[in-house]
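Participant: Just add 13 to the spot in the sequence shown (first one is 1) and you have the numbering used here. Please read through the structure below; I'll follow up with questions.
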Amino acid sequence: MRTFIPCLLLLLLFNACSPVKNDRPNIIFIMSDDHASKAISAYDNSLIQTPNIDRLAENGIRFDRCYCTNAICAPSRAVILTGKYSHMNGVIDNSRPFDGEQQSLPKLLQDAGYRTGIVGKWHLKSTPIGFDHWYILPGQGQYYRPDFKSPEGRASREGYVTDIITDEGIAFIEGRDPEKPFFLMLHHKAPHRNWQPAIRHLDMYDGIKFPVPENLHDDHHGKSKAATKQEMSISGHMSLDYDLKMPDSLVEKKNMEQEIFFWIGDGNLKQRMSPSDYSRWESYYAERADEYNTLVYEPEAIVEWKYQQYMEDYLSCIHTVDENVGRLLDYLQESGLDENTIVIYTSDQGFFLGEHGWYDKRFMYEESHRMPLLISAPGLEASDDDHMLTNADFAPTILKLAGAEVPGDVQGESFHEILTGNSPDNWRDAVYYHYFEYPAVHQVKRHYGIRTEKYKLIHFYYDVDEWELYDIETDPGEMINLAEDPAYAEIIETLKERLYVLQEEYLDTDHQQFLPISVDSISHIGVGRPYKLKNKPSRGNCAQYKTLTDGIAYPEGEAYNIGLDNWCGFQGDDFIFEMDLGETMKISEIRVGFLQDQQRWIFPPKTVEFMTSQNGMEYMSITNALCNELNKDDKIMKRIAHAAYPGLETRFIKIKAKNITLPEWHGGAGKPAWLFVDEVIVN
């Protein structure tokens with residue numbers, strides 16, 4: 014790193030500590046969603062040129078070793094807002110709401126005299142607190158004609174989401190009180206899955222062949238079950254219709270594609286676009302489907318083709334982010350605000366761009382763990398920095414830059430001294446990580462770990478107990494797991510000791526408190542009985558006469574998290590079940606459980622009909638129950654449908670559960686819902 018004397022920044026910091034409040038720096042915090050460092054040309058120019066984001070590096074510092082403490086959207090945002098790790102701020106995964114009543118960066122800046130605002134993606138299941146102005150996307154938000162929420166209510170806006178967020182950010186700045194410094198969090202939705210480009214950039218990367226990662230075809234040999242059991246592979250889990258946007262009706266399915274449930278919706282695109290834009294969209298992705306249909310089936314070639322389409326859409330989204338960063342920087346220059354404004358650019362975590370054969374994030378592997386971080390300020394010269402930072406450091410650093418006090422319970426450390434050319438004393442040489450969201454979408458197992466200058470040690474736990482060790486210096490792609498190599502036994506023990514010290518320091522020693530609900534063993538007369546299913550399940554081993562009558566099931570009611578291994582899943586199809594009790598017997602009740610997890614497109618059935626028969630041919634309906642009124646409900650829970658008929662004699666039982674299409678208010682409106690079933694209980 015070059016040595017430099019950032020005179021103007023030193024002056025800004027001096028002013029931040031002075032009683033003249035309007036001399037303190039304005040601070041703009043720009044965060045995109047899932048923006049990998051590799052997709053910023055200031056870090057790596059092999060995929061894309063980002064000249065405007067690069068302007069921040071040309072007039073500031075590029076941090077090369079900034080890491081996320083929990084690589085998933087909502088938890089990262091909560092860490093940034095509080096400077097505290099996930100287990101301390103309460104948002105361990107995407108299902109938990111953020112408690113805005115707790116101490117937070119915007120509230121502390123308000124107390125210090127700043128006008129605060131947030132525009133764009135919030136994604137914390139609560140109303141923003143601590144902001145003088147907020148204008149946010151509901152949930153994940155939409156790319157086209159998105160809805161926004163504000164204190165005035167909810168309304169749609171014409172246009173593309175990245176452009177609108179920038180417009181609103183500039184409007185916030187223009188409406189500032191000139192006597193007060195401002196703090197703006199400008200949070201872009203892009204380039205979050207499913208990577209929908211601005212219509213003007215649909216064909217931007219047509220014909221460009223992107224370099225393929227060396228480990229795109231990683232078979233995960235020697236790694237833990239976590240690597241082999243995940244559901245985020247380009248080969249088997251990147252869907253043709255949702256992710257690659259090819260119409261179902263035009264695609265000839267290749268048998269390598271596994272149908273999986275979706276968890277975020279694109280809404281009704283036709284209603285969110287002008288007729289001309291929608292026509293262009295349809296035409297563009299129909300051409301992609303035509304190209305796909307001409308491919309010769311060969312697994313590795315199909316994966317590489319899907320990777321290229323993924324990159325085209327993902328990078329097109331980033332191009333629009335870069336355009337809008339440039340638009341904001343130009344505005345600051347033209348208004349003269351650049352002379353007193355610090356601009357920070359980051360992402361909520363990293364992202365896999367084909368490495369290990371994956372998309373998404375979550376793992377502690379480098380592509381997901383590492384975050385981009387660029388900071389530009391008056392007087393800074395272009396430089397790079399290799400101090401080990403985390404997103405928990407952002408809040409205390411911003412507070413220091415603003416001249417505000419950093420509360421003693423903040424767990425991150427301020428790196429403001431680095432911005433003035435100094436190296437802080439006793440700076441950390443290791444970072445701690447903990448991922449909680451399992452079982453859940455993508456099925457990445459729970460894990461925690463430590464990354465040092467040279468090594469990374471990861472422990473996967475809950476339903477496994479496995480370790481991985483990587484020598485980052487000699488194996489930057491993290492392909493060779495050294496955890497079972499006797500030559501590294503002493504190193505592993507040393508790293509474990511350091512890991513446990515960090516867990517004590519960050520108060521993360523009780524790994525039982527956030528574990529998901531466990532299954533119960535249930536005794537009933539249907540256990541082990543044979544059954545038939547009219548429709549083949551899309552997911553689960555229920556066709557092998559196991560899941561639905563194995564005597565194992567989750568309890569009824571709301572739960573923090575429910576795994577999917579004990580369920581039988583149907584995408585779009587009805588659940589039609591027939592059981593033979595083996596002989597005529599008296600029964601009093603039939604019960605069947607259905608999962609509700611609307612974020613993952615899993616809904617209870619519309620209706621459930623229970624029928625009985627003595628001969629297996631002529632059935633009598635005993636109950637036809639309404640089960641699902643299609644109301645919006647963010648709770649994850651198991652719901653029970655039951656038929657009580659004391660003293661009824663029967664041998665055969667039939668259950669028909671009617672699946673639904675997703676309702677209009679849902680992000681996947683009009684698409685088939687998932688119906689997850691377990692267990693059929695006969696008493």
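All residues carry an ideal CB built from backbone N, CA and C; glycine is no exception. Note that the structure is predicted; figures quoted are calculated from it, not measured.
Check whether the segment 298-311 and the segment 247-265 are in contact - that is, three or more C-beta pairs closer than 8 angstroms.
Facilitator: In short, these stretches touch, since the Cβ pair count reaches three.
Participant: Whole angstroms is fine: what's the gap from R441's alpha carbon to I615's?
Facilitator: Translated into the one-based positions of the sequence shown, residue 441 becomes position 428. Translated into the one-based positions of the sequence shown, residue 615 becomes position 602. C-alpha separation (whole angstroms): 43 angstroms.
Participant: From D438 to D406, what does the alpha carbon distance come to, in whole angstroms?
Facilitator: As a position in the sequence shown, residue 438 is number 425, starting the count at 1. As a position in the sequence shown, residue 406 is number 393, starting the count at 1. Whole-angstrom Cα-Cα distance: 15 angstroms.
Participant: Return the bridge partner residues of Y483 from the DSSP annotation.
Facilitator: Here the question's residue 483 lines up with position 470 in the sequence shown. Its beta-bridge partners are K469.
Participant: Strictly by DSSP, which residues pair up with S45?
Facilitator: As a working note, residue 45 is residue 32 in the sequence shown. DSSP, once it has assigned bridges, lists S360 as partnering S45.
Participant: Taking the CB atoms as reference points, tell me whether M377 and I504 lie closer together than 8 angstroms.
Facilitator: Counting from 1 along the sequence shown, the entry for residue 377 is found at position 364. Counting from 1 along the sequence shown, the entry for residue 504 is found at position 491. It is not a contact, given that the beta carbons lie outside the stated cut-off.
Participant: Suppose the cutoff is 6 angstroms on Cβ atoms and the five residues either side in sequence are ignored; what does the same chain contact list for Q209 look like?
Facilitator: Translated into positions along the sequence shown, residue 209 becomes position 196. Same-chain partners within the cutoff: Y156.
Participant: Could you compute how far the alpha carbon of L350 sits from the alpha carbon of G462?
Facilitator: Taking the sequence shown and counting its residues from 1, the one referred to as residue 350 is at position 337. Taking the sequence shown and counting its residues from 1, the one referred to as residue 462 is at position 449. Approximately 42 angstroms between the Cα atoms of the pair.
Participant: Between R604 and G582, which are expected to be in contact by the criterion C-beta below 8 angstroms, what is the C-beta distance as a whole number of angstroms?
Facilitator: On the sequence shown, residue 604 is found 591 positions in, with the first residue counted as 1. On the sequence shown, residue 582 is found 569 positions in, with the first residue counted as 1. Not quite, the Cβ-Cβ distance comes to about 19 angstroms (not below 8 angstroms), so this is no contact.
Participant: Sorted by chain position, which residues of the same chain lie with C-beta nearer than 7 angstroms to R293's C-beta, five sequence neighbours on each side aside?
Facilitator: Residue numbering aside, residue 293 sits at position 280 when the sequence shown is read from its first letter. Closer than 7 angstroms at the Cβ level, and outside the excluded window around R293, lie I212 and L215.
Participant: Would S237 and F623 be called neighbours here (beta carbons separated by less than 8 angstroms)?
Facilitator: Numbered from 1 along the sequence shown, position 224 holds the residue referred to as residue 237. Numbered from 1 along the sequence shown, position 610 holds the residue referred to as residue 623. No, Cβ-Cβ distance for S237 and F623 is not below 8 angstroms.
Participant: Nearest by alpha-carbon distance to I431: which of D586, V457, Q456 and I388 is it?
Facilitator: Taking the first residue of the sequence shown as position 1, residue 431 is located at position 418. Taking only the C-alpha atoms, the option nearest I431 is I388.
Participant: Quick one: using the 10 Å Cβ neighbour count with 16 as the cut-off for buried, is F689 buried or exposed?
Facilitator: Indexing the sequence shown from 1 puts residue 689 at position 676. Under this definition F689 is a buried residue.
Participant: Determine whether the beta carbon atoms of I131 and I149 lie at a separation below 8 angstroms.
Facilitator: Locating residue 131 in the sequence shown gives position 118, where the first residue counts as 1. Locating residue 149 in the sequence shown gives position 136, where the first residue counts as 1. For I131 and I149, yes; Cβs fall inside 8 angstroms.
Participant: Does the separation of the CB atoms of S335 and I66 fall below 8 angstroms?
Facilitator: In the sequence shown, counting from the first residue as 1, residue 335 sits at position 322. In the sequence shown, counting from the first residue as 1, residue 66 sits at position 53. As written in the sequence, residue 335 is Asp, which differs from the Ser given in the question. Going by C-beta atoms, D335 is nearer than 8 angstroms to I66.
Participant: Is DSSP giving E591 helix, strand or coil here?
Facilitator: On the sequence shown, position 578 is the one that residue 591 refers to. Reduced to three states, the DSSP call for E591 is strand.
Participant: Please work out which residues of its chain come closer than 8 angstroms, Cβ to Cβ, to D124, disregarding the five sequence neighbours upstream and downstream, and give them in chain order.
Facilitator: Residue 124 sits at position 111 when you count from the first residue of the sequence shown. Result list for D124: A417, in chain order.
Participant: For E380, count neighbouring C-beta atoms within 10 Å of its own C-beta (all shown protein chains included) and say buried if the count is 16 or more, exposed if not.
Facilitator: Looking up residue 380 in the sequence shown gives position 367. Buried.
Participant: So what does T663 bridge to, in DSSP terms?
Facilitator: Here the question's residue 663 lines up with position 650 in the sequence shown. Looking at the DSSP assignment, T663 forms a beta bridge with M598.
Participant: Do three or more CB pairs link the segment 81-94 to the segment 166-174 at distances below 8 angstroms?
Facilitator: Counting Cβ pairs under 8 angstroms, fewer than three are found: no touch.
Participant: Quick one: measure Cβ to Cβ for M650 and Q611, integer angstroms, because I've assumed they're closer than 8 angstroms.
Facilitator: To locate residue 650, count along the sequence shown from 1; it is residue 637. To locate residue 611, count along the sequence shown from 1; it is residue 598. The Cβ separation is near 10 angstroms, so there is no contact.
Participant: Is N228 near E317, with beta carbons less than 8 angstroms apart?
Facilitator: The residue you call residue 228 lines up with position 215 of the sequence shown. The residue you call residue 317 lines up with position 304 of the sequence shown. Against a cut-off of 8 angstroms, the Cβ pair of E317 and N228 comes out as no contact.
Participant: Using the three-state DSSP reduction, which class does W678 fall into: helix, strand or coil?
Facilitator: If you number the sequence shown from 1, residue 678 lands on position 665. Looking at W678 - three-state DSSP - the assignment turns out to be coil, as it is neither helix nor strand.
Participant: In the DSSP assignment, the beta strand (DSSP E) including T307 goes from what residue to what residue?
Facilitator: For the purposes of this step, residue 307 is identified with residue 294 of the sequence shown, where counting begins at 1. Unbroken run through T307: none, as it is neither H nor E.
Participant: I need the straight-line Cα distance from K97 to F449, nearest angstrom please.
Facilitator: Translated into the one-based positions of the sequence shown, residue 97 becomes position 84. Translated into the one-based positions of the sequence shown, residue 449 becomes position 436. Going by the C-alpha atoms only, they are around 15 angstroms apart.
Participant: Hey, F428 and H400 are a contact pair by Cβ (cut 8 angstroms); roughly how many whole angstroms apart?
Facilitator: Taking the first residue of the sequence shown as 1, we reach residue 428 at position 415. Taking the first residue of the sequence shown as 1, we reach residue 400 at position 387. Right, their Cβ atoms sit about 6 angstroms apart.
Participant: Start and end of the alpha helix (DSSP H) containing E227?
Facilitator: Residue 227 sits at position 214 when you count from the first residue of the sequence shown. E227 -> no alpha helix (DSSP H), and no H or E assigned at all.
Participant: Please report the straight-line C-alpha distance between G681 and W687, rounded to a whole angstrom.
Facilitator: Taking the sequence shown and counting its residues from 1, the one referred to as residue 681 is at position 668. Taking the sequence shown and counting its residues from 1, the one referred to as residue 687 is at position 674. Going from the Cα of G681 to the Cα of W687 covers about 12 angstroms.
Participant: Given that a residue counts as buried once 16 or more other Cβ atoms are within 10 Å of its Cβ, and exposed if not, what is Q424?
Facilitator: The sequence position of residue 424 within the sequence shown is 411, counting from 1. The residue is buried, with at least 16 neighbouring Cβ atoms inside 10 Å.
Participant: Decide if L199 is buried, meaning its Cβ has at least 16 other Cβ atoms within 10 Å, or exposed.
Facilitator: Taking the sequence shown and counting its residues from 1, one reaches residue 199 at position 186. Under this definition L199 is a buried residue.
Participant: State buried or exposed for K547, treating a residue as buried only when at least 16 other CB atoms are found within 10 Å of its CB.
Facilitator: Working through the sequence shown from its first residue, we reach residue 547 at position 534. Under this definition K547 is an exposed residue.
Participant: Does the beta-carbon distance from I485 to V695 come in below 8 angstroms?
Facilitator: On the sequence shown, position 472 is the one that residue 485 refers to. On the sequence shown, position 682 is the one that residue 695 refers to. Against a cut-off of 8 angstroms, the Cβ pair of V695 and I485 comes out as no contact.
Participant: Given L528, which residues of its chain have a CB within under 7 angstroms of its CB, disregarding the five upstream and five downstream residues?
Facilitator: Residue 528 sits at position 515 when you count from the first residue of the sequence shown. Y475, listed in sequence order.
Participant: For V334, which of helix, strand or coil comes out of DSSP?
Facilitator: The residue you call residue 334 lines up with position 321 of the sequence shown. Helix.
Participant: Quick one, are the C-beta atoms of G133 and S117 less than 8 angstroms apart?
Facilitator: Here residue 133 corresponds to residue number 120 of the sequence shown, with the count starting at 1. Here residue 117 corresponds to residue number 104 of the sequence shown, with the count starting at 1. Not in contact: G133 and S117 (Cβ atoms no closer than 8 angstroms).
Participant: Going by DSSP in three states, C581 sits in which element: helix, strand or coil?
Facilitator: Counting from 1 along the sequence shown, the entry for residue 581 is found at position 568. In this structure, C581 counts as strand in the three-state DSSP scheme.
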